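Going by the UniProt record's numbering, the letters in the sequence shown line up with residues 1 to 167, in that order.
Heads up, the beta-carbon is just placed ideally off N, CA and C, and yes, glycines get one too.
For clarity, every value in this text was computed on a predicted model and none was experimentally measured.
Encoded as structure tokens, the structure appears first; notes follow it.
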Amino acid sequence: AQSLVSGRKKMAYKTIEDEDLKFPLIYGEGKKARVMATIGVTRGLGDHDLKVHDSNIYIKPFLSSAPEVRIYDLSKYEHGADDVLILATDGLWDVLSNEEVAEAITQFLPNCDPDDPHRYTLAAQDLVMRARGVLKDRGWRISNDRLGSGDDISVYVIPLIHGNKLS
């Protein structure tokens, strides 16, 4: 195969080699990135026998178990009852942006009794429902008629106010 790129002042010619046709190690972008178009990076960490579809190539050598770590010192900040940490699976993050999740929590928690011991559980359930969406004639849909999550959805809403006691 060949390609030709031409512009006003420049022209380039390239013969496509076998190396150019190799599938990329990471396929997709951002939250949709997959190792060799097979599995999400974190999902593949424990799957030692996983192979690329229709091949004899093992995925494990292409993965690292070295985590990305960030430290948030709870004792350095004063937190209110509505300040939370949200841990969730890709079932949530693949369909809702950070901004959408933050907006949902910001709208939900102030409408709950601050003394209700279930308010964070209810907030997590609200996020799960937002990510799943509503069943319509064209499948599960979320806001703006986007597809809802077809993946498992697990969400933890963790209050940070208890960190105030650390200082």
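Name the DSSP beta bridge partners of residue i, please?
| i | result |
| --- | --- |
| residue 159 | 84 |
| residue 134 | 141 |
| residue 147 | 141 |
| residue 51 | 58 |
Taking DSSP as the reference, what is the three-state secondary structure of residue i?
| i | result |
| --- | --- |
| residue 15 | strand |
| residue 58 | strand |
| residue 34 | strand |
| residue 6 | For residue 6, the predicted structure reports a pLDDT of 49, less than 50, and the residue's modelled location is therefore unreliable. The matter cannot be settled from this model. |
| residue 124 | helix |
| residue 70 | coil |
Let me make sure I understand the geometry here. Which of the options has the alpha-carbon closest to that of residue i?
| i | options | result |
| --- | --- | --- |
| residue 128 | 114, 118, 120 and 153 | 153 |
| residue 151 | 28, 34, 77 and 93 | 93 |
Identify, in the order they occur along the chain, each residue of the same chain with its Cβ nearer than 8 angstroms to the Cβ of residue i, setting aside the five sequence neighbours on each side.
| i | result |
| --- | --- |
| residue 105 | 82, 84, 86, 123, 127 and 157 |
| residue 148 | 95, 131, 132, 133, 134, 139, 140, 141 and 142 |
| residue 121 | 157 |
Starting from the C-beta of residue i, find all residues in its chain whose C-beta is less than 7 angstroms away, skip the five residues before and the five after it, and write them out in chain order.
| i | result |
| --- | --- |
| residue 130 | 96, 104 and 142 |
| residue 115 | none |
Starting from the C-beta of residue i, find all residues in its chain whose C-beta is less than 6 angstroms away, skip the five residues before and the five after it, and write them out in chain order.
| i | result |
| --- | --- |
| residue 119 | 112 |
- Message: Threshold first: 3 residues or longer. Then list the beta strand (DSSP E) segments lying entirely within the segment 72 to 117, N to C.
- Response: 84 to 88
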